[in-house]
Amino acid sequence: MVTWEIFIWFASAAIAFAFAAAVVSLCANDHWSASSLRYRRFRRISIFLSVVSVAVLAAFIAGLWVSLERPPLRTMGETRLWYSFFALAAGLLTYVRWRYRWILSFSAVLASVFMILNVLRPEIHDQTLMPALQSGWFIPHVTVYMFSYSLLGCAFLLALAGLFGKGKDVMSAADTLVYLGTAFLTFGMLSGALWAKEAWGHYWAWDPKETWALITWLCYVLYIHLRVMGRGSKAAQCLLLIFAFACLQMCWWGINYLPTAQDSIHIYNR
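According to our numbering, the sequence shown is numbered sequentially starting from 1.
What follows is the structure, encoded as structure tokens:
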């Protein structure tokens with residue numbers, strides 16, 4: 001039976017494969033031709049190792065789902081698990097699409113932080129869902145949000161690289177990630193509003209989490225506007241992405257520590 005007691009072994013394997021993939025990708029010399037045999041060999045190995053890392057977390061999620069007899073999406077620890085999974089997957093997709101070899105290192109670090117947090121403090125609570133969470137909106141709403149957070153997390157990493165002048169064409173890759181991430185974020189907000197109407201009788205109540213979700217969404221929409229209109233310097237755009245990601249973290253878990261949010265209907269892991 002798959003339980004959190006054995007998560008440390010899955011996390012260790014996923015982290016090891018993720019960093020191995022990152023090291024192999026970094027070993028590909030910038031001066032090698034993209035069509036050279038050595039480059040293609042290193043690239044295939046790094047992709048394979050990344051796929052294995054993602055598969056390890058996928059296996060744990062599937063096993064935990066069966067063991068709990070519910071989707072592992074309720075507690076902060078469980079959402080961190082999904083975030084780690086999607087962060088590695090988003091990093092892999094970014095590497096495959098744009099060949100930006102540093103992204104595997106960044107996504108490995110990002111995912112590892114959340115996996116290590118789960119090992120140190122998993123925050124696993126009730127084994128059953130409260131009535132408000134027993135809805136058809138539950139799985140699409142939470143998984144879409146976690147996927148959008150992961151895409152926007154990779155965009156944040158590229159913004160850091162762009163701010164310090166690392167890599168080429170990072171803003172183009174960041175744009176695509178932000179477009180996709182914001183689209184999924186929008187779906188998450190809309191599905192959440194429909195779910196709130198079903199569960200509590202209203203679409204929007206200016207709950208702290210809803211408010212921070214709106215602030216986060218507006219930050220990313222502003223970034224898209226600046227990029228499309230060609231306004232602002234590259235540094236300003238990168239800083240906006242970094243600020244937007246900070247707002248996203250506040251929306252996700254930061255509100256749990258706000259005194260004004262203790263009565264929030266969105267805090268389930270008390």
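Note that the Cβ used here is the ideal one computed from N, Cα and C, for glycine as well.
Residue i versus residue j: straight-line alpha-carbon distance, rounded
i: T3; j: N118; result: 13 Å
i: Q134; j: A55; result: 28 Å
i: I103; j: G201; result: 43 Å
i: W253; j: V109; result: 19 Å
i: Y145; j: M229; result: 27 Å
i: L73; j: L214; result: 22 Å
i: C27; j: F42; result: 8 Å
i: Y203; j: L194; result: 6 Å
i: Y39; j: A22; result: 14 Å
i: L190; j: F17; result: 36 Å
i: L37; j: R44; result: 11 Å
i: R231; j: V24; result: 37 Å
i: A59; j: S12; result: 14 Å
i: L160; j: A235; result: 10 Å
i: G192; j: W137; result: 8 Å
i: A196; j: P71; result: 19 Å
i: L81; j: W65; result: 12 Å
i: E69; j: L120; result: 24 Å
i: H141; j: E210; result: 14 Å
i: Y100; j: W9; result: 29 Å
Beta-carbon proximity list for residue i, same chain, < 7 Å, skipping 5 on both sides
i: S148; result: G181, F184, L185 and G188
i: S84; result: L57, A111, F114 and M115
i: L222; result: L240
i: W98; result: A173
i: A155; result: A174, L177, V178, G181 and L241
i: L248; result: Y149, L152 and T216
i: F243; result: C219
i: W212; result: C247, M250, C251 and I255
i: S67; result: M1, V2 and T3
Spatially closest choice to residue i from the options, by CA coordinates
i: L93; options: L37, S46 and R227; result: S46
i: I6; options: F48, S50 and I61; result: I61
i: F106; options: T176, S50, P71 and Y145; result: S50
i: R227; options: P140, Y39 and S172; result: S172
i: E78; options: L26, A21, Y39 and T143; result: T143
i: S53; options: G91, A196 and V66; result: G91
i: R88; options: W212, A205, A20 and F243; result: First, the amino acid is wrong: residue 88 is Leu here, not Arg. With distances taken between Cα atoms, L88 lies closest to A20.
i: F245; options: M76, H141, G63 and Y220; result: Y220
i: S233; options: K197, W206, M250 and G162; result: G162
i: C251; options: R121, L218, C238 and Q237; result: L218
i: G63; options: M1, V170, W212 and T211; result: M1
i: G165; options: H141, R121 and C238; result: C238
Contact set for residue i: own chain, Cβ-Cβ below 8 Å, skip 5 residues either direction
i: L258; result: P208
i: V96; result: I47
i: E198; result: S135 and W137
Cβ shell of residue i (< 6 Å), same chain only, five flanking positions each side left out
i: A14; result: S53, V56 and L57
i: L158; result: V170, A173 and A174
i: I139; result: P71
i: I224; result: none
i: F86; result: M146, F147 and S150
Residue i beta carbon near the ligand ZN (any heavy atom closer than 7 Å)
i: T3; result: No copy of the ligand ZN occurs in the structure displayed, which carries no ligand at all.
C-beta neighbour in chain C for residue i, strict 8 Å
i: Y223; result: Absent from the structure is chain C; it holds one protein chain and no more.
Runs of beta strand (DSSP E) wholly within the region 190 to 270 (minimum 3 residues, chain order): Whole beta strand (DSSP E) segments, 3+ residues: zero.
task: Taking only runs that begin and end inside the region 91 to 157, name each unbroken alpha helix (DSSP H) of 4 or more residues, in chain order.
output: Entirely contained in the region 91 to 157, the alpha helix (DSSP H) runs reaching 4 residues are, in chain order, 102 to 120.
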